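If you use my numbering, the sequence shown corresponds to residues 416 to 615, in order. Just below is one structure, and these are the notes that go with it.
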Amino acid sequence: MVDAFFMLIKIIFAVLLSPICYAISKSFAAELPRLGGMEHLFIWGVVVYVALQLFFYTPQGLFQFAQKVFGDIFKSVPILAAVVPLFVPIIPTIILVACYVMIAFFNLQPVQSYMLFFAGFTFAMHLILSAHAEFEEDNSGLKPHYLFLFSLTFIFNILLLSVLLALNFAEFSFWNFFSSAFDTAKEIYIHVFNQLFVVK
């Protein structure tokens, strides 16, 4: 009975989070063209990873190594050891922080295009393999835990990625992205509420 109750709660929250997932996806896609004409490199990184996994090879070893390293760093705080590897896209975070340092302090501008490609590649790897791991961990038929947890994972990953892109590209505005996503999600919630509860 208790398990069924928590399953229902997770399904409800997953449904409630879906407008936010849609809104941040839409706003992120709208903000991508502000990457100084290099947005295609990020997109190609994503496409290349998806093609690699579909047709050739899944780099589980690299993904699990990154997860383990961050898990070990936060092992003294078990909840962080469990949450950080999911909500923080570790390798793309390292790549984009390194990119910022190399350009801001060493003026190595040519590395930016390569870093952006590999950020897209490793971001796709993190999202897809995180989704796969969360899916496999949920043994129930409806996958409520997976739907809820991956919704949160997706939201936090896109938010952090947007912060890192704004750090590297002055044209990319985290505030524009966030405010657009907020407005879109709000409109969806208001529309659904009006359809369900407002008598016309």
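Every residue gets a Cβ at the ideal spot worked out from N, C-alpha and C, and that includes glycine. Quick caveat, the model's predicted, so the values are computed rather than measured.
Own chain, CB closer than 6 Å to residue i, minus 5 neighbours either side, in chain order
{"i": "LEU582", "result": "TYR515"}
{"i": "LEU544", "result": "PHE478"}
{"i": "ALA617", "result": "This structure cannot speak to residue 617, because the chain is shown only from 416 to 615."}
{"i": "GLY535", "result": "PHE457, GLY460 and VAL461"}
Residue i vs residue j beta-carbon contact at 7 Å
{"i": "PHE489", "j": "ALA496", "result": "yes"}
{"i": "LEU432", "j": "PHE532", "result": "no"}
{"i": "PRO500", "j": "PHE485", "result": "yes"}
{"i": "GLU446", "j": "PHE569", "result": "no"}
{"i": "PRO434", "j": "ALA600", "result": "yes"}
{"i": "ILE426", "j": "PRO559", "result": "yes"}
{"i": "PHE502", "j": "PHE571", "result": "yes"}
{"i": "LEU511", "j": "LEU557", "result": "no"}
Inter-residue spacing [alpha-carbon to alpha-carbon] between residue i and residue j
{"i": "LEU576", "j": "PRO504", "result": "8 Å"}
{"i": "PRO448", "j": "SER588", "result": "11 Å"}
{"i": "LEU467", "j": "LEU542", "result": "15 Å"}
{"i": "PRO474", "j": "LEU611", "result": "45 Å"}
{"i": "GLU423", "j": "TYR529", "result": "Note on identity: in this sequence residue 423 is Leu, with Glu being the wrong assignment. One C-alpha to the other measures close to 45 Å."}
Close beta carbons around residue i, own chain, < 8 Å, minus the five adjacent residues each side
{"i": "GLN524", "result": "ILE518"}
Legend entry - the segment 508-526 contacting the segment 430-445, beta-carbon criterion three pairs below 8 Å: Result no; under three Cβ-Cβ pairs closer than 8 Å.
Inset, instruction - Inspect the CB distances between the segment 545-552 and the segment 560-574 and report whether three or more fall short of 8 Å. - result: Between the segment 545-552 and the segment 560-574, the count of C-beta pairs closer than 8 Å reaches three or more; the two stretches touch.
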